[in-house]
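A short write-up of the structure that comes next.
In our numbering, the protein residues as written are 11 to 297.
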């Protein structure tokens, strides 16, 4: 006898006949469809927006750009006091050193706190491979700097930048290494331009500028604008020197952008300034 099939159930019957593993209608309620979460594509990253109001963030960036010059001015003031006034008062000398330590410490704490609170990247410790790549960035920047200085010398007959000349005027008389005040003042000055100033500048020009004004995946505009501001901040005395410091800032930005990590650009910046510190010591000893 042929089985009578209700037309209303024919659709379910045909489906079950074609797919025996498909459960019948009464049984399907026992099964639950489990959806797998959609996984992001490898390497995909959210284009995060800056926190807070952009206009306010720009004003804060400008404030940090100015405020981070204060420790530099104090370090130069210590060297200038010993150089031009022969350190007549040990009390004044001690007060200046104390002021430098306090202001630099407060500035380091404030700028680090603000960056960690408002930035969208983490400060990741570099590995040996990263340090090696940072050294390559440093070499590239030194090649660029040398080419620019050769061009500036040939075209404008200037063999040093206004920024370098200002630095040398502050310390060119610190050659009597038998004087402990001179040794201390010079040590503070060189430590500052080698280790402290690069930290302030990288957090300001790469970290805070990029991460509080531009979106996470932005590249060209933050690099070009921050590099131009960085160059103007170093008092370029002609167009070639402007491109010299602009290219230097772009190199620091590329080092930062490689892993979106401020420590990488800091290492490159520190190596660059360390080479200048070595040159200064050489000039003071043998000039």
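Using N, Cα and C, we set each Cβ at its ideal position, and we do this for glycine too.
Helix or strand or just coil, what does DSSP make of residue i?
i, result
"residue 94", "helix"
"residue 190", "helix"
"residue 232", "helix"
"residue 215", "helix"
"residue 133", "coil"
"residue 198", "helix"
"residue 52", "Confidence in residue 52 is poor, its pLDDT being 45 and thus under 50, which makes the residue's placement too unreliable to answer from."
"residue 226", "coil"
"residue 220", "helix"
"residue 170", "coil"
"residue 75", "helix"
"residue 246", "coil"
"residue 63", "coil"
"residue 82", "helix"
"residue 204", "helix"
"residue 58", "coil"
"residue 69", "helix"
"residue 177", "helix"
Report back the beta-carbon spacing between residue i and residue j to the nearest angstrom; my notes put them in contact at under 8 Å.
i, j, result
"residue 130", "residue 218", "In fact, because the Cβ distance is near 12 Å, the residues do not count as touching under 8 Å."
"residue 58", "residue 220", "That pair is no contact at about 12 Å."
"residue 85", "residue 202", "4 Å"
"residue 75", "residue 163", "Contact flag wrong, Cβ pair sits at about 30 Å."
"residue 216", "residue 275", "5 Å"
"residue 81", "residue 102", "At roughly 18 Å, the Cβ-Cβ gap does not stay under 8 Å, so residue 81 and residue 102 are not in contact."
"residue 209", "residue 118", "7 Å"
"residue 237", "residue 256", "5 Å"
"residue 260", "residue 233", "6 Å"
"residue 67", "residue 222", "4 Å"
"residue 62", "residue 128", "7 Å"
How far does the alpha helix (DSSP H) with residue i in it reach, from first residue to last?
i, result
"residue 258", "249-269"
"residue 159", "138-166"
"residue 285", "272-296"
"residue 209", "207-211"
"residue 117", "100-128"
Would the stretch 186-196 count as touching the stretch 88-97 if we require 3 or more Cβ pairs under 8 Å? Judged by Cβ distances under 8 Å, the stretch 186-196 makes contact with the stretch 88-97, as three or more pairs qualify.
Does the stretch 144-163 come close enough to the stretch 258-274 that 3 or more CB-CB pairs lie under 8 Å? Yes: the two stretches touch, three or more of their Cβ pairs being nearer than 8 Å.
Can at least three beta-carbon pairs, one atom from the stretch 268-283 and one from the stretch 159-176, be found at a separation below 8 Å? Here the stretch 268-283 does not lie against the stretch 159-176, with fewer than 3 beta-carbon pairs under 8 Å apart.
Assess, as a yes-or-no matter, whether the stretch 245-255 is touched by the stretch 167-182 under the definition of 3 or more beta carbon pairs within less than 8 Å. Touching, per the Cβ criterion.
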